[in-house]
Amino acid sequence: MPAWWARPAAGFRPRAAVLVLPEVFGVNGWVRSVAERLAGHGYAALALPIFSRTAPDLDVGYDAAGLTEGRRHRDQLTAAQFFDDARAAIAWLQAQPGLEKRPVGCVGFCFGGHLALLAATLPEVAATCDFYGARVSTDRPGGGPPTLAVVPQISGTLLCFCGDKDPLMPPEELAAIQAALAANGQPPLIVAAGAGHGFMCEASADFNPAAAAQGWHQMLALFAERLL
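Encoded structure:
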């Protein structure tokens, strides 16, 4: 898989490894910048091409054409395929110098956030951040029970984020996520006031600087606490 690999500066031992799961737009410039920013905070970050079978080099813009193309590949991915790729990526990460057998973090955005819930069930993943992963209460890639049903299988810590102005995450979805988190001892759903769907992404029309700054702060705090 042609993943994007970002590491701390030469001579610095990584604090831990983080798997970065992109939106449907692929491992584009913004996703690569997330990995590089994590590297700047001391983490070795691997941005995974979630459509490795149908579009491993996908890198499209935040426009209607890019969204259509990304969703076309999204609809061909199955949960089983994603698990195969995530396990392979984690095994590779845990074989890197300084990262041998150490716990891994995961962060995903939009559809990558949806997939992050699946990744969180893997025993190597100690901390997960799901940013506006929509449809987790109703869908699962490739079919089957909704992805939200896996929450009881998560042994690490899961943070779920969304904006209160997100049209892709209606009240019913938010209520289902909050109930699943509460029932399984996970932190409550974090709802950013005044934020839309892609509030973390500077390249998105919904970018919200205040919400993004808070999201980064909470993500880094979780990784610092759990990825020891």
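When you number the sequence shown by this note's numbering, it's gap-free, plus one each residue, and the end is 226. Even for Gly, the Cβ is constructed at its ideal location relative to N, Cα and C.
Of the candidates D162, L157, E170, A190, L157 places its Cα closest to the Cα of G183. Relative to the Cα of R11, the nearest Cα in the group G96, A208, A191 belongs to G96. The beta carbon of P186 lies closer than 8 angstroms to those of Q176, L179, A180 in the same chain, with the five residues before and after it left out. The beta carbons of A14 and L225 sit closer together than 8 angstroms. For the 8 angstroms CB-CB criterion, A210 and G161 do not form a contact.
One thing to note: G140 has its Cβ no nearer than 8 angstroms to the Cβ of A89. From the listed residues W3, A173, F205, H215, the smallest Cα separation to A87 is found for W3. Selection A117, V102, P144, V134 evaluated against L220 yields V102 as nearest (Cα-Cα).
Restricting attention to G106, T145, P47, the CA atom closest to the CA of H71 is found in P47. Distance check between E171 and each of G142, Y130, F197 places Y130 closest, using alpha-carbon atoms only.
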